[in-house]
Amino acid sequence: MPRDALAPFVRRLMAAAGVDADQAETVCDNLLWNDAAGRRNHGLERLPILLERVRAGLIRCPAAPRWRDLGPSLAHLDAGDCFGQHAGRLVIDRAVALAEETGIGTVGVSHSNFFGSGACFLARAADRGMVGLALSNSFPKVAAHGGRRPVLGTNPLAFGAPRAGGRRLLVDMSTAGLAGSTLRDCRRTGRALPEGLVVDADGAAVTDPAAAGGGALLPAAGAKGFGLALMVEILAGVLTGAGVSDGVGSLYGDFERAGNSGHVFLALDIRRWMPREAWDDRIEGLCAAVAASGAPGDVRLPGELREAELARSDRLGIALEADTVAGLTWLARDCDVAPPWPVPGGVQAAE
């Protein structure tokens, strides 16, 4: 599906649900970027639950984000319960602006929501010559190392850096051994869980998704993943004034309170360290050494698959899963908005 056909449709859906134009624009861009990059679990499949939270008053539209300047290179955003994707766009742009002025920009966020993939924001920073870092806490699904009860979120962290020729190196990962979206998909399809990544309420390892209720995901790489998750919780939650641990609301399961998740974004201006040409030579030398460390094609650098997917989507359009199309079609009927595809017996396709 061409992006130019999808974007107006998504914005109309959001407007029909009461989303203001500013947030609709940034959230639409974010969701479509993730679908185009092959990160479909952070793309349009999330739109139905996001709009459900808008209608419940848990994502505010319009919101009233409030900035505080904390120093020459520091700022804080009280996001006012806006979309996390919108907060992320505001904050990465502020971090980059601070870095352009001082060489480094660090911005914390409170009263935000699920922000999707950090790579989307860091690609934007990399395109402006910045090395970037993004951290977010989330609703507890993950046990501590040695624990059995959820106490931390999947707490993703992302890193981005520009490469020569407009490419980006993008690392984006959960600190849990299994993504929450994978657990949700396994529950929906009945597919077995990978071994050793989920425990039940008694702390016993399980592969049956139905037996995972009341249990927890385990941190990636045991104590190492737990340490990283705790670091993210301290920086994105404790330091920013956002919710901490069970003070963060669940996107899917908590309709009594707003999310109040926290984020931290960091941008470093490469030009303060060296000329861009020197950076390009050095990072490409490293990337070449990494790629040559295995048989041809066996070693991929973080971000290469996303770049390939983005290029494919530019040529052929964005591929949507059948479940995503079904969810968007349901939204179209509910909002009386014509989708850009035929719907037998339903709302007519948009011209």
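Sequential numbering of the sequence shown, starting at 239, is according to this note's numbering. The beta carbon of each residue, even a glycine, is placed where N, CA and C say it ideally should be.
- Unbroken alpha helix (DSSP H) stretches of 4 residues or longer found wholly inside the region 321–374: 322–340 and 356–364, given in chain order.
- Contact annotation: the region 378–385 does not touch the region 325–340, with fewer than three C-beta pairs closer than 8 Å.
- DSSP, read as helix, strand or coil, puts residue 463 in helix.
- The three-state secondary structure of residue 481, taken from DSSP, is coil.
- In the three-state scheme derived from DSSP, where H, G and I count as helix and E and B as strand, residue 550 is classed as helix.
- When only Cα atoms are considered, residue 260 and residue 445 end up about 43 Å apart.
- In the structure shown, residue 383 adopts coil according to DSSP, grouped into three states.
- Inclusion of residue 457 and residue 390 in the CB contact set at 9 Å is warranted, their separation being smaller than that value.
- Residue 400 is bridged by DSSP to 406.
- Bounds of any beta strand (DSSP E) do not take in residue 572; it lies within the alpha helix (DSSP H) bounded by 560–573.
- DSSP places residue 388 inside the beta strand (DSSP E), whose first and last residues are 388–390.
- Listed as beta-bridge partners of residue 507 by DSSP are 368.
- Contact check for residue 418 against residue 376 passes: the beta carbons are separated by less than 9 Å.
- Looking at the DSSP output, residue 313 sits in a beta bridge with 307 and 345.
- Excluding residues up to 5 positions away in sequence, 367 lie with their Cβ nearer than 7 Å to the Cβ of residue 509 in the same chain.
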